[in-house]
Amino acid sequence: MTRDILKVDGLKAYYQMNYFGVNREVRAVDDITMTVRRGEVYGIAGESSSGKTSFIKVLAAAVRPPLRVVDGSVRFGFSTGPIDVVRASPRELEAIRWMSLSYVMQGSMSVLNPVRRIGKTFRDFAQRPLGLSGRAFEERVVEHLARLKLPADVLRAYPHELSGGMRQRVTIGLATVCHPEFIIADEPTTALDVVVQKEVLSLIREIQREMDSSVVFVTHDMSVHANIADRVGIIYAGRLVEEGPTRQMFFAPKHPYTAHLVASLPRIGDTTQRPALDGRPPNLADPPRGCRFHPRCPLAIDKCREQSPPLETVAADHRTACWRWREVTPLVGAISPVGVPA
Amino acid sequence: MTTLLDVRGVSKHFTMGGIFGRRVVEAVADASFSLSADNPEIFTIIGESGSGKTTLARMILGLEDPTGGEIRFRGQKVDRRASRASRLEFMSHVQPVFQNPFEAFNPLKKIERYLESTAQRFLHTSDRAAIDRATDEALQKVGLSLVEVRGRFPHEMSGGQLQRCAIARALIPNPPLLVADEPVSMVDASLRMSIVNLLRSLRDDLGVSVIYITHDLATAYYISNRLIIMQRGRIVEMGDARTVLDNPEHPYSRLLKSSVLSTDDAGAGKLSTDPVAVSQVSALAGKPGRLVARADGRDVRVYT
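One line per chain: the protein sequences are A and B, in this order. Sequence positions in the first sequence follow my numbering and run 1 to 342. Sequence positions in the second sequence follow my numbering and run 1001 to 1304.
Listed below in structure tokens is the structure:
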């Protein structure tokens, strides 16, 4: 068994549209190469329209036109056998979906059918992949719900009868009931308030440890990544710009965008003025030349405007795509500098 | 000292359900606070969903009638059923900013039309030049300009820019009070601080008071002067923002603070919540108790 469960290699996925003879191409995922290891939580951060949702759509093999995979491969090494989801047939995908590769969606209210009881939704999702019948299936679901600290009664409830936190736990339950090896979580806590958010996050972490699955966790909230992810990758304008162990990303970032994201987080006990980043994310239909961050970058030089920087390894496990990474300094220091890598 | 806004013993009940199984939900119970006209401040209302913070804001804006108590703005009662003229007069002093800028603007209307109609209504003029001047001034205050915005539709702007436009629209009548209901929760992380810094500069440079509604304790600590923490419609703690958040006293405030995800030990994966604290807090939810003043200026709800 190898260390990596997922290998993404040179992945390019574009939205290709043709309206009245005018071709338009949006390069939502542009040349991403990364791996996810067994039993780790890999955090993906990026703002809206950075292409992070398109990226996980490809990972989840949910590519629909106008999104097309132009180049590259997405190889999973499941225990049932390796599979490249970009080239797999619908039949092969059906075999891994939910059983090996699963997805926690954003917005629990629109995921759950409002006119169907939760129990029926569970049956729709999981009965076929699990291959269990009536009684045995129900026992399995109830047992799984208990792990999520949900009473068996929720199976008879309609979605609107549950609170936001409970609904989100139900969607996590749906995604994990088949004990998948790989879970993709797309902003599962964005709509929740702080107390519930923390509960849901610790639940995801607990379930992940118990089942020894790998999780790709997507959110734009860096403070969530700080607490759940083992490694964090930052996506900016369709490219992976930095990737590294969580602690290093926070205390020794090597890309100006990461440094900014970390510095802009307000903290309790600290009222110093926080910098705000000017400008807006680039339009992916017409990205800037060279490094895509250069129009907003405080360190930009002429080279950045001309040449796109490659993703290079700067420390163990730590890669960044910046010409001037040596000059990137963390904009805020740690309050407790225990074990901060130099 | 003159008071700008005076909220006195305000409560709001909603009746849910039909003839059978009718329930009365107490959305806000006995809320009292006041803002002074002399020193502008950012007054924060913190609470989880269902704590009644949005209902309170809607009552301050006069979109909802309180069931009990009274809200006075500059000595005048805020009344939903007042005449159109007095409503407009009130709205030129108190303006809202809503959570999701993409929902606040009609996607088929150009942004400038909102700005223009606001200017036309509150400045009582249909003079093109005067309207343009007023909208441009308001946009300058939020770091944009009419040249940038003119002719653009909401989808052509980023969330942060659009939220700035929403704030600019609210600033056109030069209101002394803004009510901002979760203005940053739908805005991207990299743009969030620009909105928060903007609210701060509105207070410091333009003397606008802001009622800032949020569930994010970190930004509340960053910008607010005073705050109230609400749980299930009741104010459980109230006072100076730094005093309260540095050392919260009510169990609910403590739970909120301990639930804030900190980046100080990033990578350590500390996620456990104290189940004792959670059950203790949910036992207190909805209990009447009473607010007691403390020596450091805060009020805390105690249950004896």
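All residues carry an ideal CB built from backbone N, CA and C; glycine is no exception. The model shown is predicted, which means the values in this text are computed figures rather than measured ones.
Item, Value
"Cβ pair B/V1028, B/S1011 closer than 8 angstroms", "yes"
"Span of the alpha helix (DSSP H), counted from its first residue to its last, around A/Y257", "P256 to A263"
"Burial state of A/H160 (16 or more Cβ within 10 Å)", "exposed"
"For B/L1061, the first and last residue of its enclosing alpha helix (DSSP H)", "Note, B/L1061: premise wrong, no alpha helix (DSSP H); not H, not E."
"Residue-chain proximity (B/V1260, chain A), Cβ-Cβ < 8 angstroms", "yes"
"Opening and closing residue of the alpha helix (DSSP H) in which B/D1246 lies", "A1241 to D1246"
"Distance between A/I207 and A/L396 (C-alpha atoms, nearest Å)", "Only positions 1 to 342 of chain A appear in this structure, which leaves residue 396 of chain A out of reach."
"Inter-stretch contact at 8 angstroms, needing at least 3 Cβ pairs: the segment 95-113 of chain A / the segment 167-184 of chain A", "yes"
"Sub-8 angstroms separation of B/L1056 and B/A1082 beta-carbons", "no"
"Three-pair Cβ contact test at 8 angstroms for the segment 1156-1167 of chain B versus the segment 1118-1132 of chain B", "no"
"B/S1086 burial status per 10 Å Cβ neighbour count (16 or more: buried)", "exposed"
"Any 3 or more C-beta pairs closer than 8 angstroms across the segment 1113-1121 of chain B and the segment 1163-1177 of chain B", "yes"
"Min CB distance B/E1103 to chain A below 8 angstroms", "no"
"C-beta contact flag for B/Q1231 and B/G1047 at 8 angstroms", "yes"
"Buried or exposed (CB count within 10 angstroms, at least 16 for buried), A/A315", "exposed"
"Proximity winner among A/K57, A/S110, A/Q106 and A/N227, relative to A/V85 (alpha-carbon distances)", "A/K57"
"For B/A1031, the residue or residues it bridges with in DSSP", "B/V1010"
"Same chain, Cβ closer than 6 angstroms to A/P129, neighbours up to 5 away in sequence not counted", "W98, M99 and C178"
"Nearest to B/E1041 (by Cα), restricted to the options B/R1058, B/T1003, B/L1291 and B/F1014", "B/T1003"
"A/K12, enclosing beta strand (DSSP E) - first and last residue", "D4 to Y19"
"Helix, strand or coil at B/L1004 [DSSP, three-state]", "strand"
"Among A/D186, A/A62, A/F293 and A/G269, nearest to A/R280 - alpha-carbon criterion", "A/F293"
"Contact check, B/V1149 vs B/I1111, beta carbons under 8 angstroms", "yes"
"Top-ranked residue by Cα proximity to A/I5, from A/I118, A/M34 and A/R24", "A/M34"
"A/V104, DSSP secondary structure in three states", "strand"
"Closest by C-alpha distance to A/A321, when choosing among A/P330, A/D302, A/P295 and A/G290", "A/G290"
"Option in B/L1088, B/I1045 and B/A1119 with minimal Cα separation from B/G1062", "B/L1088"
"Closer than 8 angstroms to chain A by CB, B/M1230", "no"
"Per DSSP, cross-strand counterpart(s) of A/L67", "A/Y15"
"Collapsed DSSP secondary structure at A/T176 in the structure displayed", "helix"
"Below-8 angstroms beta-carbon distance, B/K1257 vs any chain A residue", "yes"
"Buried or exposed (CB count within 10 angstroms, at least 16 for buried), B/T1015", "exposed"
"Nonlocal neighbours in the same chain, by C-beta distance under 6 angstroms from B/F1033, ignoring five residues either side", "V1007"
"Of the residues B/V1302, B/D1240, B/V1208 and B/L1261, the one placed nearest B/Y1252, counting alpha carbons only", "B/V1302"
"CB contact check: A/I335 to chain B, cutoff 8 angstroms", "Any reading at A/I335 needs caution, since the residue's pLDDT is 46, under 50, leaving its predicted position unreliable; the model's value is listed next. Yes, contact with chain B."
"Rounded straight-line distance, which links the Cα of B/L1123 to that of A/R167", "47 angstroms"
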